[in-house]
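Chains A and B are the protein sequences, given in the same order. Position 49 of the first sequence, counting from 1, maps to 43 under our numbering, and the rest follow consecutively. Convert by adding 18 to the 1-based position in the second sequence; the result is the number in our numbering. Even for Gly, the Cβ is constructed at its ideal location relative to N, Cα and C. To start, the structure under review is shown below, and the notes come after it.
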Amino acid sequence: MEQHDIVIIGGGPAGLAAAIAARDEGAEDILIVERDHQLGGILNQCIHNGFGLHTFKEELTGPEYAQRFIDKVKEADIPCLLNTIVVDICHGNENESGTKIVTVMNKEQGMIQICAKAVILAMGCRERPRGALNIPGYRPAGIYSAGTAQHYVNIEGKMPGKEVVILGSGDIGLIMARRMTLEGAKVKVVAELMPYSGGLRRNIVQCLDDYGIPLKLSTTVIDIQGKERVEGVTLAKVDGRGKPIPGTEEQIPCDTLLLSVGLIPENELSSQAGVEMNPITNGPKVNESLETSVKGVFACGNVLHVHDLVDYVSQEAGMAGKQAARYVQKECESKNADRDISVVKEEQLRIQQNNMIIELKAEQGVRYTVPSIIHIDRMEDTQVVRFRVGGVYANAKIAVYAGETKMMELKKRIMAPGEMEQIQLKKDKLQELVEQNILTNQITIKVEE
Amino acid sequence: MENIEKVELTCINCPLGCALTVSKDAASGELIVTGNTCPRGADYARKEVTDPRRIVTSTVRVEGGTLPVVSVKTERDIPKGLIFEVMKAINSIQVNAPVHIGDVILADVCQTGVAVIATKNVCAYPERT
Ligand SMILES: Cc1cc2nc3c(=O)[nH]c(=O)nc-3n(C[C@H](O)[C@H](O)[C@H](O)COP(=O)(O)OP(=O)(O)OC[C@H]3O[C@@H](n4cnc5c(N)ncnc54)[C@H](O)[C@@H]3O)c2cc1C
Ligand code: SF4
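Structural data, given as structure tokens:
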């Protein structure tokens, strides 16, 4: 059986950055598996600019940002298996060698199995299916998810329609409103069910306001007309509970309806691999090393939680790559050492570690945190904790509690679900709080107004 | 901003998104910005009302490549009012593979002095990227 130290699933920005960081940390034997015929992931279709401001201090387009990482992977001579899809990951039980078996499929070789010491999940996300929308009536042609439309226009060079209504104000929907307008389509309106937009403000200004495209909040599509092809849609205002308000209906003729109703992590493989999932993010639960509940399986990028800035994806993935490399090194060391001693040592370590496991809890406006567990002994000097809030907050604070004691507080002028937030925890500070018995096993992060 | 008394804008330079108002001082003709929390907002607002510019990104058809189109961008920002003319120019051309990131596709688009350049590598068929 083919064998590698680290197998990375997905060759998007997360997979690429993980590979580079793992190599930098000393991992020799890495393989990237990508189902597409090219590396770069979703960035290949994100031809707009606005990527990499944090990482490269310049505004790049998606394909340019991706190419910088692809070049590094090529320079480092890290092998990539393209046109190959991973269909299964399984792992022996804990006490065994800990190797994982990754089953992949491609045209040339059919189904093959690859043995891996560590696996990094970097499969990205997918769009929420339109079935979740509950729009009654026929399903005529002309209804696309915004990402599918983006692929048609930017990769295949085809236009899906001429008169467009967009439901959902997520970033992809906003970007596509501008893109289709530039290509000559008439985008009549962007309707958003929530009372606020799910997209970045910058995109609302530069994609809608610039072109005079109206954004209607608290509005949804209640009917789609047309049997063969979309002929129009009916919009209606919704009340606080998301129910359409009678008398507010408005019919809009169009031939295309784009749905931009959100992204969810590509989580099928993760669940199959038996990792514990977070019901809020729909991605795996991870610790400070971005390791899932299965030892040696790491996760990063949109498969872990949906990001809006690719710079953070690259950063996060770098951490996963580094930790995977360390994991592999440690595994080798403990195998080479005398068996009995290593068992005793590991036992001692586990006892120690158990005392140092801190659970991160999201409360009161904070929807989730990544990571959700921190082993203080294993954390870096500074640990970045990323999360999203559940509503729009003006002049609020992010408060962090160790038990009952407030350990830090961060003032925020504005927070919204569309923009990811982060705090930094310092290792020495946490150790100090542990010594003082203030921090025992839980840190709570919440919004205070 | 010749005839306009007052312009309302949203600052896009940071997530705070301040609501900016630009007005002209009747006596001096100077632009006054209010609503900004930091100087970047004032700079942005002045530029927006006097000389708004944007980077335009799009695609150009490719002959003989592994992909049907290549993504492109204007190398620098161009006047906002010329966006659709620039799009017309971009859509009227076609390039031959291979194309590399940074290749000049249109040297001086619509006499703006700005080049349109490729933002992706497209290999000649049947090679792969
Ligand atoms: C439309 C859109 C616009 C965006 N705009 C911006 C922006 O303006 N600025 C910004 O900074 N960020 C932006 N982002 C965010 C950023 O691009 C993403 O967060 C980032 O691309 C996520 O990287 P990833 O590697 O996790 O996922 P992806 O890029 O999705 O990569 C995942 C890869 O895994 C592969 N894969 C999946 N399953 C398998 C499998 N079973 N076997 C093998 N391979 C598999 C996929 O083919 C893909 O190549 C945008 C995102 C989207 C979707
Ligand atoms: S004015 Fe300053 S603080 Fe306000 S949005 Fe602009 S950059 Fe941010």
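Check	Outcome
Would you say the beta carbon of E28 of chain A comes nearer than 8 Å to a heavy atom of ligand 1?	yes
Any idea if V122 of chain B is buried or exposed, counting beta-carbon neighbours within 10 angstroms, 16 or more meaning buried?	exposed
Taking the runs of the alpha helix (DSSP H) that are 4 residues or longer, which of them lie wholly in the region 205 to 289 of chain A?	262 to 266
Would a C-beta distance cut-off of 9 Å place G6 of chain A and A116 of chain A closer than the cut-off?	yes
Less than 8 Å separating the Cβ of T286 of chain A from some heavy atom of ligand 1?	no
Please find out if some non-hydrogen atom of ligand 2 comes closer than 8 Å to the beta-carbon of T52 of chain B.	no
Taking the Cβ atom as the reference point for each residue, do I408 of chain A and L34 of chain B lie within a distance shorter than 9 Å?	yes
Tell whether a beta-carbon distance below 9 Å holds between G162 of chain A and L253 of chain A.	yes
Kindly list the residues whose CB is nearer than 8 Å to the CB of R58 of chain B, restricted to its own chain and excluding five residues on each side of it in sequence; keep chain order.	C29, N31, C32
Put I30 of chain B into one of helix, strand or coil per three-state DSSP.	coil
Which two residues bound the contiguous alpha helix (DSSP H) that contains I64 of chain A?	56 to 69
With a threshold of 16 other CB atoms inside 10 Å of the CB of F45 of chain A, please say whether the residue is buried or exposed.	buried
Contact criterion: CB-CB distance below 9 Å. Does T214 of chain A meet it with respect to chain B?	no
Compare the C-beta of T130 of chain B with all C-beta atoms of chain A and state if any pair is closer than 9 Å.	no
Run down chain B in chain order and give the residues with a C-beta less than 7 Å from the C-beta of L10 of chain A.	Going along chain B, no residue has its Cβ under 7 Å from L10 of chain A, so there is no contact; the nearest lies around 14 Å.
Could you tell me if the beta carbon of L38 of chain B falls within a distance shorter than 8 Å of some heavy atom in ligand 2?	yes
Out of A:H31, A:I83, A:D(-1), which has the shortest C-alpha to C-alpha gap to G268 of chain A?	A:I83
Going by the DSSP bridge assignment, what does V117 of chain B pair with across the sheet?	B:V140
Starting from G193 of chain A, follow its DSSP beta bridges and name the residues at the other end.	The partner list for G193 of chain A (beta bridge, DSSP) is empty, contrary to what the question assumes.
Does any heavy atom of ligand 4 sit closer than 8 Å to the C-beta of V280 of chain A?	As for ligand 4, it is missing from this structure, which binds only ligand 1 and ligand 2.
Using 10 angstroms around the beta-carbon of A13 of chain A, count the other beta-carbons present and answer buried if the total reaches 16, otherwise exposed.	buried
Helix, strand or coil, according to DSSP, for R94 of chain B in the structure here?	coil
Ligand 1 heavy atoms versus the CB of A396 of chain A: any closer than 8 Å?	no
Pop quiz: V364 of chain A and L251 of chain A are said to be a contact at Cβ under 8 Å. What is the actual Cβ separation, rounded to whole angstroms?	Actually they do not touch by this definition, with Cβ atoms about 33 Å apart.
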